[in-house]
Amino acid sequence: MSEDATRRQAFFESDAVDQLVTMVLELAAEQWVLRERVYTIEKAADSLGLPLSASVENYRFSDEEKAALAGMRQTLIDNLMRSVNREHRRLRPGTL
Amino acid sequence: MPLELNHELKIPLDRDSSARQDFVSQLRGFILNDMAASMRNAYEESVAPAFEREHGRAPATQDEVHDAMRGNTQFKFYSSIRYNAQEMVWRSVIPCVERALPGIEATIERLSGSSGGSLHLDPNLTIPENVADLPVHLMPGGYAPSASPAAGAVYDNGLAVFSAGFMGKNLDDIGLSMSNYVKFRHPDFKPRKILDCGATVGHNAAAWAATFPDAEVHAIDVSASAVTYGHGRAESLGLRVHFKQMDATSLDYPDESFDVVFTSMFLHELAVRDIEKFMAEAHRVLRPGGMLINMELPPNQELQPYDQFYLDWDSYYNMEPYYRTYRDQDPVALLSKAGFSSADYFQFVVPQYSYMDPSDFVAAIDAPQRIDGQTGRLSASLQWFGFGAWKRP
């Protein structure tokens, strides 16, 4: 179920604008996913009587946690850049 | 908001996937309502007047509208965002289906036959080019990549996101609206056998089975994936539907064996030559006194140039290459060529059965009907268009 490597539709004078639209929409979607999760965490913590905000500010990541976050961050970047990266991906199949 | 599917193949969603699907669905609602209205305003207030100043007349065809709109910023943003949202529909469900696939396969296996339906696959069937070679609706991999129910699951879950809540409580509103139109408009007509062609996952065939519980309902599609998934879906709903992998242009049923042949959003997926083949087959398998009934977008001849342009957007930008060629046809001529009499032709519009009191639905189908730019459009004032013909006794 991978995406096809065929050329995507473009509507603006420059393909770059269409690619930017993709980036903005992907960013907006992930921003919403995150916003909903944070909202849920805050509400869940409230319902449990937990002082969550202060704990979040003082928390320090372990190396393992840092690596996990780096992986998640890379997925975000891959999604955000999926339109501008397509040509490159076609030239080097299997590398991305 | 996306529809929450109500059957046992439904995928349990993690919170992030759920939030992502909610976002995409709501974005589509915004595009189809707010952005579409803004684009129409841009046409009426700016694009059409400019065309008239240059040509001394209004745009007369959808091609003239389309050409005039190409340079308009509102059209560019509408199109670019809608195109992206279409991709995002599939992107929001595919990872969920991949994770859930073993469970979906096990559920289909467990439920198979529990409600009296059946599944018949034809491994020797040649998948037509319009399905095999095209990622229709920009769905990655297309509808028939393999016999795995994955593509069917992607379609069912994707349609739930895509439809933004406009297509009924189980994506069955088209089937419910069409079957109840038949039931209430023709109370003396009691179909014993019903065939849904190009049925994909059988979401509308299931509705026919619910409306006519005593009828034997068959659902065919060229996609093994779709009918396998559809079989499990219908069984989980307690509805008896017989699914077969079959090409609607070459039906493996005897002459005069059905009372109803039904399609939904199917004809526009076919080249005109295949529509003609299908309709001839429908005429052949119908019993005298039976009906062919198709739910489709209204034909272009019924619409103003701007509305033609608006509906045919999919033909140019949503991997629907036959969409416009179908909508340019005269439905009466298509049916006549297949053997139906033009005197037995009918067409109608219906409101959405799922969202209203049945008595209001009956009143609506008896009221004077009007086809306009809203007909068939996924929007807040949606109504479905249907047409067909009776086979003369």
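Residue numbers (the numbering used here), protein chains in the order written: chain H, 872 to 967; chain Z, 1441 to 1833.
In this text, a Cβ means the ideal position worked out from N, Cα and C, and glycines have one as well.
(message) Suppose the cutoff is 8 Å on Cβ atoms and the five residues either side in sequence are ignored; what does the same chain contact list for P1761 (chain Z) look like?
(response) Residues of the same chain with a CB within less than 8 Å of the CB of P1761 (chain Z), apart from the 5 flanking positions on each side, are N1570, L1574, S1755 in chain order.
(request) Take A1639 (chain Z) as the anchor and find which of Z:K1623, Z:F1624, Z:D1628, Z:H1658 has the nearest alpha-carbon. (result) Among Z:K1623, Z:F1624, Z:D1628, Z:H1658, the Cα nearest to that of A1639 (chain Z) is on Z:H1658.
(message) Just verifying my parser: in three-state terms, what is the DSSP assignment at L1684 (chain Z)?
(response) Inspection of the sequence shows that residue 1684 (chain Z) is occupied by Lys rather than by Leu. In the structure shown, K1684 (chain Z) sits in a strand (DSSP, three-state: E or B).
(message) Classify E1721 (chain Z): buried if its beta carbon has 16 or more other beta carbons within 10 angstroms, exposed otherwise.
(response) Per the 10 Å Cβ criterion, buried.
(message) What are the residues in the region 892–918 of chain H lying within 7 Å of chain Z by C-beta distance?
(response) So the list reads V892, T893, L896, A900, W903, V904, E907, R908, T911, given in the order they occur along the chain.
(request) Indicate whether M1528 (chain Z) and V1464 (chain Z) have their beta-carbon atoms separated by less than 8 Å. (result) Yes, the Cβ-Cβ distance between M1528 (chain Z) and V1464 (chain Z) is below 8 Å.
(message) Assuming H1643 (chain Z) is part of the alpha helix (DSSP H), what are its boundary residues?
(response) Note, H1643 (chain Z): alpha helix (DSSP H), 1643–1651.
(message) According to DSSP, is I1451 (chain Z) part of a helix, a strand, or is it coil?
(response) Coil, per DSSP.
(request) Examine chain H for any beta-carbon lying closer than 8 Å to the beta-carbon of S1799 (chain Z), and answer yes or no. (result) False, the Cβ-Cβ gap to chain H never drops below 8 Å.
(message) Using only the alpha-carbon positions, how far apart do C1536 (chain Z) and Q1466 (chain Z) sit?
(response) Using only the alpha carbons, I get a separation of about 19 Å.
(message) Quick check on D889 (chain H) - is its C-beta less than 8 Å from some C-beta in chain Z?
(response) It does: the Cβ of D889 (chain H) has a partner Cβ on chain Z nearer than 8 Å.
(message) So, with DSSP's three-state summary, where would you put R953 (chain H)?
(response) Coil.
(message) Does R1510 (chain Z) pass the burial test, meaning 16 or more other C-beta atoms within 10 Å, or should it be called exposed?
(response) Burial call: exposed.
(request) May I ask you to list, following chain order, the residues of the region 1444–1468 of chain Z that have a beta carbon less than 7 Å from some beta carbon of chain H? (result) Under the 7 Å Cβ criterion, the region 1444–1468 of chain Z contributes R1455, D1456, A1459, R1460, F1463, V1464.
(request) Could you check which residue in Z:A1498, Z:I1715, Z:G1730 has the C-alpha nearest to that of R1767 (chain Z)? (result) That would be Z:I1715, whose Cα lies nearest to the Cα of R1767 (chain Z).
(request) Specify whether the region 1544–1557 of chain Z and the region 1660–1672 of chain Z touch according to this definition: at least 3 beta carbon pairs, one from each stretch, less than 8 Å apart. (result) Here the region 1544–1557 of chain Z lies against the region 1660–1672 of chain Z, with 3 or more beta-carbon pairs under 8 Å apart.
(message) Strictly by DSSP, which residues pair up with E1656 (chain Z)?
(response) DSSP output for E1656 (chain Z) lists Z:K1633 as bridge partner(s).
(request) Can you tell me which of Z:A1476, Z:A1500, Z:I1534, Z:D1695 puts its alpha carbon nearest to the alpha carbon of L1743 (chain Z)? (result) Relative to the Cα of L1743 (chain Z), the nearest Cα in the group Z:A1476, Z:A1500, Z:I1534, Z:D1695 belongs to Z:A1500.
(request) Could you tell me the distance, in whole angstroms, from the CA atom of S1520 (chain Z) to the CA atom of E1494 (chain Z)? (result) The alpha-carbon of S1520 (chain Z) is positioned some 27 Å away from that of E1494 (chain Z).
(message) Using the three-state DSSP reduction, which class does Y1762 (chain Z) fall into: helix, strand or coil?
(response) Residue state, collapsed to three classes: coil.
(request) Report the residues of the region 1517–1532 of chain Z with a CB closer than 9 Å to any CB of chain H, ordered along the chain. (result) Within the region 1517–1532 of chain Z, F1517, Y1518, S1519, S1520, I1521, Y1523, N1524, A1525, E1527, M1528, W1530, R1531, S1532 place their CB atoms closer than 9 Å to a CB of chain H, listed in sequence order.
(request) Tell me, please, whether the CB atom of Y1757 (chain Z) is closer than 8 Å to any CB atom in chain H? (result) At least one CB of chain H lies nearer than 8 Å to the CB of Y1757 (chain Z).
(request) Check the Cβ-Cβ distances between Q880 (chain H) and every residue of chain Z, and say whether any is below 8 Å. (result) Taking 8 Å as the CB threshold, Q880 (chain H) lines the interface with chain Z.
(message) When you compare the region 1787–1807 of chain Z with the region 1823–1830 of chain Z, are there three or more beta-carbon pairs, one atom per stretch, that lie closer than 8 Å?
(response) Taking 8 Å as the limit for Cβ pairs, the verdict is that the region 1823–1830 of chain Z does touch the region 1787–1807 of chain Z.
(message) Run through chain Z and tell me which residues come within less than 7 Å of F932 (chain H), C-beta to C-beta.
(response) Chain Z residues near F932 (chain H): none, gap ~20 Å exceeds 7 Å.
(message) Can you tell me whether Q1514 (chain Z) is helix, strand or coil according to DSSP?
(response) Reduced to three states, the DSSP call for Q1514 (chain Z) is helix.
(request) Give the secondary structure of M1705 (chain Z) by DSSP, where H, G and I count as helix, E and B as strand, and everything else as coil. (result) Coil at M1705 (chain Z), not helix or strand.
(request) Kindly give me the distance between the Cβ atoms of V1533 (chain Z) and G1592 (chain Z), rounded to whole angstroms, as I take these residues to be in contact under 8 Å. (result) About 12 Å separates the CB atoms of V1533 (chain Z) and G1592 (chain Z); that is not less than 8 Å, and the two are not in contact.
(message) Taking the straight line between their C-alpha atoms, what separation do you get for D889 (chain H) and N1758 (chain Z)?
(response) One Cα belongs to D889 (chain H), the other to N1758 (chain Z), and the distance between them is close to 16 Å.
(request) Put I1715 (chain Z) into one of helix, strand or coil per three-state DSSP. (result) Helix at I1715 (chain Z).
(message) Pop quiz: L1616 (chain Z) and T1651 (chain Z) are said to be a contact at Cβ under 8 Å. What is the actual Cβ separation, rounded to whole angstroms?
(response) Confirmed, Cβ separation roughly 7 Å.
(message) Can you find the residues in the same chain that come closer than 6 Å, C-beta to C-beta, to M894 (chain H), ignoring five residues on each side of it along the sequence?
(response) The beta carbon of M894 (chain H) is closer than 6 Å to those of L951 in its chain, skipping five residues each way along the sequence.
(message) Nearest by alpha-carbon distance to P1653 (chain Z): which of Z:L1561, Z:A1590, Z:G1557, Z:P1738 is it?
(response) Looking only at Z:L1561, Z:A1590, Z:G1557, Z:P1738, the smallest Cα-Cα distance to P1653 (chain Z) is reached by Z:G1557.
(message) According to DSSP, is S1620 (chain Z) part of a helix, a strand, or is it coil?
(response) Looking at the sequence itself, residue 1620 (chain Z) is Asn, so the reference to Ser does not match. N1620 (chain Z) falls in the helix class under three-state DSSP.
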